[in-house]
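Peer 1: In full-length UniProt numbering, the protein residues as written are 1 to 445. All C-beta atoms, glycine included, are put in the ideal place defined by N, C-alpha and C.
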Ligand SMILES: C[S@@+](CC[C@H](N)C(=O)[O-])C[C@H]1O[C@@H](n2cnc3c(N)ncnc32)[C@H](O)[C@@H]1O
């Protein structure tokens, strides 16, 4: 065994930490002392030069003209491209990217979005425009705009065509669509402070798992008693932007209503109560109704009522929805008014709440369900024990910082949904891939 392996295999004796040897705390920050210290040279070499040849080989295995219409090919290539960037970057470069470049880019994009820069850039056929021309159209300060746009271009999100002259990219064009662009100001104004204050909150609470929906990291950061939904909806336009963001997050992703995902005909439509007021699907916390709209588009002639429920401020903000979809104000912390529906459906709702609150929401639904007939459909991420997808873990970071809640593993879901007091059982789980929300079907026991 080499000296290095011997060291890797060594266990740190517990009293080493307890007596302050090798580790010390200062103002809530724990600074581990590494022995022997890591040389600065490590931070200045590529993060993983040994991996580069293998990554290049797998990239070239996709060929010169990979079929990017095939999402598996595109995502596979993208994962390798990301691996390559991570392997080539030095740790110092990665650190600057995380600490300056990405937050700076987010700041610059949000400011330009609020000003309307991307709309101007995409207008007039998307011809290149000087910053002075954009500033004149928007009646804004060209000096600051010059700096913001330079960073966005340096990060590759708009195209620099000449000094201080830019053309749009497909990314910047997409920002002009509210369901894509509104995530920036909404999270900047109503969420990210909670992420930056999170380490401070955790140190103050001795790193206990946040579970308090009235005194969690969000309330600490925003100095409020409100939860994120309440805060955003009472600080418009954040609430409207959030509703759009929910519409944008789901675009282009596999959905349970796709024909190859969940057998809708066999499990929902077959056996459906034929009476005229029977409800097929009640979307609880369904936001602006994008899921029911998609269901109606795919199952045009499905029988039964489609009922969309959310808080009044969300329901009132709906601008377009298929006329067959009923809009209903409903607080899911209160009695479920639609009884005996074929299915009660919740998409990305339970992940917003810790277990005790989820149980109270689920109890209301279980009470409305008809034994042997009603189903509960939960459309959520299931975090695998290994190899979790980055979009799902990113959402978990949002959950812990914004809601004192979590993305759940399979055993978390079973523990929650089959809690004895709910009287529910999981009858099946349908999944189409890592990082795509699964559909969990439950019935009354
Ligand atoms: C993360 S969003 C998910 C929205 C939608 N299901 C989707 O997947 O796009 C959570 C939704 O729960 C709604 N919500 C929050 N508190 C609620 C309550 N007490 N009663 C009903 N809906 C609520 C929010 O307004 C929001 O639309």
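#1: Do you know how far the Cα of residue 236 is from the Cα of residue 5?
#2: Would the beta-carbon of residue 456 be found less than 7 Å away from any heavy atom of ligand 1?
#3: Please say whether residue 142 and residue 135 have beta carbons closer to each other than 8 Å?
#4: Starting from residue 161, trace the beta strand (DSSP E) in both directions and tell me its first and last residue.
#5: Could you pull out every unbroken beta strand (DSSP E) segment of at least 3 residues lying fully inside the stretch 153–210, listed in chain order?
#6: Take the Cβ of residue 15 as the centre, count every other Cβ of all protein chains shown within 10 Å, and call the residue buried at 16 or more, exposed below.
#7: Restricting to Cα atoms, I'd like to know which of 328, 58, 393, 34 is closest to residue 287.
#8: Between residue 418 and residue 425, is the Cβ-Cβ spacing less than 8 Å?
#9: Taking only heavy atoms of ligand 1 into account, decide whether any of them is closer than 7 Å to the Cβ of residue 244.
#10: Under the three-state reduction of DSSP, which class applies to residue 99: helix, strand or coil?
#11: Less than 7 Å between the CB of residue 311 and some heavy atom of ligand 1, yes or no?
#12: Indicate the three-state DSSP secondary structure (helix, strand or coil) for residue 428 in the structure shown.
#13: Does the Cβ of residue 346 have 16 or more other Cβ atoms within 10 Å, making it buried, or fewer, making it exposed?
#14: Closer than 7 Å by C-beta to residue 453: which residues in its own chain qualify, once you throw out the five before and the five after it? Chain order, please.
#15: Can you check which of these residues, 356, 266, 293, 233, is closest to residue 312 by C-alpha distance?
#16: Can you tell me which residues form a DSSP beta bridge with residue 45?
#17: When we look at the beta-carbon of residue 438 and count the other beta-carbons within 10 Å, is it buried (16 or more) or exposed?
#18: Give a yes or no on whether the C-beta atoms belonging to residue 138 and residue 117 are separated by under 8 Å.
#19: Taking 7 Å as the cut-off, is the beta-carbon of residue 314 closer than that to any non-hydrogen atom of ligand 1?
#20: For residue 182, which residues of its own chain have a beta-carbon under 6 Å away from its beta-carbon, when the five flanking residues on both sides are left out?
#21: Can you tell me whether residue 426 sits near ligand 1, meaning its C-beta is under 7 Å from at least one heavy atom of the ligand?
#22: Where does residue 408 fall in DSSP's three states?
#23: Select from 169, 83, 156, 44 the residue whose C-alpha is nearest the C-alpha of residue 53.
#24: Using only the alpha-carbon positions, how far apart do residue 48 and residue 41 sit?
#25: What are the start and end residues of each continuous alpha helix (DSSP H) run of 4 or more residues lying completely inside the stretch 278–333, in chain order?
#26: Use the C-beta contact count for residue 184: other C-beta atoms within 10 angstroms, 16 or more gives buried, fewer gives exposed.
#27: If residue 280 sits next to residue 263, beta carbons under 8 Å apart, how far is it from one beta carbon to the other, in whole angstroms?
Peer 2: Let me spell this out:
#1: Translated into positions along the chain shown, residue 5 becomes position 5. Translated into positions along the chain shown, residue 236 becomes position 236. Caution applies to residue 5, whose pLDDT of 48 falls short of 50 and renders its modelled position unreliable; the model cannot decide the point.
#2: The structure shown has nothing for residue 456, since the chain only spans 1 to 445.
#3: Residue numbering aside, residue 135 sits at position 135 when the chain shown is read from its first letter. Residue numbering aside, residue 142 sits at position 142 when the chain shown is read from its first letter. At the C-beta level, residue 135 and residue 142 come within 8 Å of one another.
#4: Here residue 161 is taken as the residue at index 161 of the chain shown, counted from 1. Here the beta strand (DSSP E) through residue 161 covers 159–162.
#5: You should have 159–162, 165–167.
#6: Sequence index remark: in the chain shown, residue 15 carries index 15 (1-based). Confidence in residue 15 is poor, its pLDDT being 48 and thus under 50, which makes the residue's placement too unreliable to answer from.
#7: What you label residue 287 is simply residue 287 of the chain shown in a count that begins at 1. Closest option to residue 287, Cα to Cα, is 328.
#8: Numbered from 1 along the chain shown, position 418 holds the residue referred to as residue 418. Numbered from 1 along the chain shown, position 425 holds the residue referred to as residue 425. In this structure, residue 425 lies closer than 8 Å to residue 418 by Cβ.
#9: By one-based count along the chain shown, residue 244 stands at place 244. Short note on residue 244: C-beta not closer than 7 Å to any heavy atom of ligand 1.
#10: Counting from 1 along the chain shown, the entry for residue 99 is found at position 99. Residue state for residue 99 is assigned as helix, using DSSP reduced to three classes.
#11: Position 311 of the chain shown, counting from 1, holds the residue named residue 311. Inclusion of residue 311 in the 7 Å shell around ligand 1 follows from its C-beta lying nearer than that to a non-hydrogen atom of the ligand.
#12: On the chain shown, residue 428 is found 428 positions in, with the first residue counted as 1. Assignment of residue 428 by DSSP, reduced to helix, strand and coil, places it in the strand class.
#13: As a working mapping, residue 346 is identified with position 346 in the chain shown. By the neighbour-count rule (16 or more Cβ atoms within 10 Å), residue 346 is buried.
#14: Outside the shown range of the chain, which is 1 to 445, sits residue 453, and nothing can be said about it.
#15: As a position in the chain shown, residue 312 is number 312, starting the count at 1. It is 233 whose Cα lies nearest to the Cα of residue 312.
#16: In the chain shown, the residue the question calls residue 45 occupies position 45. Its beta-bridge partners do not exist; DSSP assigns none.
#17: Position 438 of the chain shown holds residue 438. A residue is called buried once 16 or more other Cβ atoms fall within 10 Å of its Cβ, and residue 438 is buried on that count.
#18: On the chain shown, position 138 is the one that residue 138 refers to. On the chain shown, position 117 is the one that residue 117 refers to. It is a contact, given that the beta carbons lie within the stated cut-off.
#19: Taking the chain shown and counting its residues from 1, one reaches residue 314 at position 314. Residue 314 Cβ: within cutoff of ligand 1.
#20: Residue 182 sits at position 182 when you count from the first residue of the chain shown. Contacts found: 241, 244, 245.
#21: Looking up residue 426 in the chain shown gives position 426. False, no ligand heavy atom lies under 7 Å from that Cβ.
#22: Taking the first residue of the chain shown as 1, we reach residue 408 at position 408. DSSP places residue 408 in strand when its eight states are reduced to three.
#23: The count along the chain shown starts at 1 and reaches residue 53 at position 53. Among 169, 83, 156, 44, the Cα nearest to that of residue 53 is on 83.
#24: In the chain shown, counting from the first residue as 1, residue 48 sits at position 48. In the chain shown, counting from the first residue as 1, residue 41 sits at position 41. Straight-line Cα distance between these residues: approximately 13 Å.
#25: The stretch 278–333 contains, as complete alpha helix (DSSP H) runs of 4+ residues, the segments 290–298, 312–315 (chain order).
#26: Counted from its first residue, the chain shown places residue 184 at position 184. When all chains shown are included, residue 184 counts as buried.
#27: As a working mapping, residue 280 is identified with position 280 in the chain shown. As a working mapping, residue 263 is identified with position 263 in the chain shown. Incorrect: roughly 15 Å between the Cβ atoms, too far for contact.
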